[in-house]
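K.L.:
Everything in the sequence shown is counted per full-length UniProt numbering, starting at 1 for the first residue and increasing by one.
By construction, the Cβ of each residue, glycine as well, lies at the ideal position given by its N, Cα and C atoms.
Bear in mind the structure is a predicted one, so any value in this text is a computation, not a measurement.
Got a structure for you, questions after.
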Amino acid sequence: MTSPQASNAVALLPNEEYETQFYGFLPSSSVQGMVLMIEEKIADAIDDLEESLSQIPENILSKADLSKGMEKFKSVINKNTEKTLGKLQRHLLDEVLRLPNHLLLPCDALQSEPADPSQVEAMKNKIADLHTQYSNELYVQASLKAELEVGEKVLVQQEQVLNDILSEDSKSACSSLRDNLRFIQDHRADEIKLLNDVRRQLSSILSEGVVDAANVPSEADALLCRLLPS
């Protein structure tokens, strides 16, 4: 419920940027927010009043009379509130929060004095440092982005390897490998016994002089290679 007078006062407010520098806030927005808060409080009070009056028995105050009376009451309140808040808003903006024409802000005082050459050079150096920092930040961001892309590719490859391992073909191959290892382990004792028998037979042959002793190691190794699985 913002009044036309109040809206015009806000629209005609000059030099809002300058006022914001001085106050730290925009006076027109602050005053308008205060007016809206007052209007909301008044509306809440009217609603509470209507709620209380609705509790009166209908033989004393009918719903139709209550509705008609509240509409008239709201009309009067809104009209008076609009006029009063418009005056309040104009007073605050024109008299209380208006900056005098001769006021000089600190930023204006600095601008009124020429900058020292050493200060200008220091500012240029600071700007150059900021440019360097910005370039370094861009390089670091690009490097991190490249590492992230590599990491994502590695994760995809690892996921593919994991899926391959958990596939039915891999499970079948692992099961077959376990069976082969179990078979070798089960027959290992028989192979060792067989090798010992071969060694005893070779020793017996050597003792009888049937085979040249110099060729026994090579012949034994050849026999072992034929007996042992590769």
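Can you check the stretch 59–94 for any alpha helix (DSSP H) of at least 4 residues that lies completely inside it and give the ranges in chain order?
P.N.:
Qualifying alpha helix (DSSP H) stretches, in chain order: 63–91.
K.L.:
Find the nearest neighbour of residue 68 within the set 28, 50, 150 and 169, judged by alpha-carbon distance.
P.N.:
Comparing Cα positions, the closest option is 50.
K.L.:
Using the beta-carbon count (16 or more within 10 Å), is residue 33 buried or exposed?
P.N.:
When all chains shown are included, residue 33 counts as exposed.
K.L.:
Excluding the 5 residues flanking residue 42 on each side, which residues of the same chain have their C-beta closer than 8 Å to its C-beta?
P.N.:
Cβ within range, chain order: 77 and 81.
K.L.:
Locate the alpha helix (DSSP H) running through residue 55, then write down its first and last residues.
P.N.:
It is not in any alpha helix (DSSP H) - residue 55 carries neither H nor E in the DSSP assignment.
K.L.:
Using a threshold of 7 Å, state whether the C-beta atoms of residue 31 and residue 93 are closer than that.
P.N.:
In this structure, residue 93 lies closer than 7 Å to residue 31 by Cβ.
K.L.:
What residue from 72, 61, 65 and 23 has the CA that sits closest to residue 46's CA?
P.N.:
Per the Cα distances, 72.
K.L.:
Which value, in whole angstroms, describes the spacing of the CA atoms of residue 17 and residue 151?
P.N.:
Distance between the alpha carbons of residue 17 and residue 151: 49 Å.
K.L.:
Measuring CA to CA, which of 40, 39 and 66 is closest to residue 52?
P.N.:
If we check each option's Cα against that of residue 52, 66 comes out closest.
K.L.:
Within 10 angstroms of its Cβ, does residue 27 collect 16 or more other Cβ (buried), or is it exposed?
P.N.:
With 16 or more Cβ atoms within 10 Å of its Cβ, residue 27 is classed as buried.
K.L.:
Roughly how many angstroms lie between the CA atoms of residue 169 and residue 139, to the nearest whole one?
P.N.:
Going from the Cα of residue 169 to the Cα of residue 139 covers about 46 Å.
K.L.:
Which value, in whole angstroms, describes the spacing of the CA atoms of residue 192 and residue 199?
P.N.:
Approximately 11 Å, taken between the alpha carbons.
K.L.:
Please identify the residue among 23, 85, 21 and 61 whose C-alpha is closest to the C-alpha of residue 38.
P.N.:
Among 23, 85, 21 and 61, the Cα nearest to that of residue 38 belongs to 85.
K.L.:
Taking C-alpha atoms, which residue in 23, 149 and 181 lies nearest to residue 100?
P.N.:
Nearest of 23, 149 and 181 to residue 100, Cα basis: 23.
K.L.:
Could you give the distance in angstroms between the alpha-carbon of residue 70 and the alpha-carbon of residue 90?
P.N.:
One C-alpha to the other measures close to 30 Å.
K.L.:
Measuring straight from C-alpha to C-alpha, what distance separates residue 19 and residue 154?
P.N.:
Cα-Cα distance, rounded: 58 Å.
K.L.:
For residue 22, report the span of its alpha helix (DSSP H) as first-last.
P.N.:
Run containing residue 22: 16–23, per the alpha helix (DSSP H) assignment.
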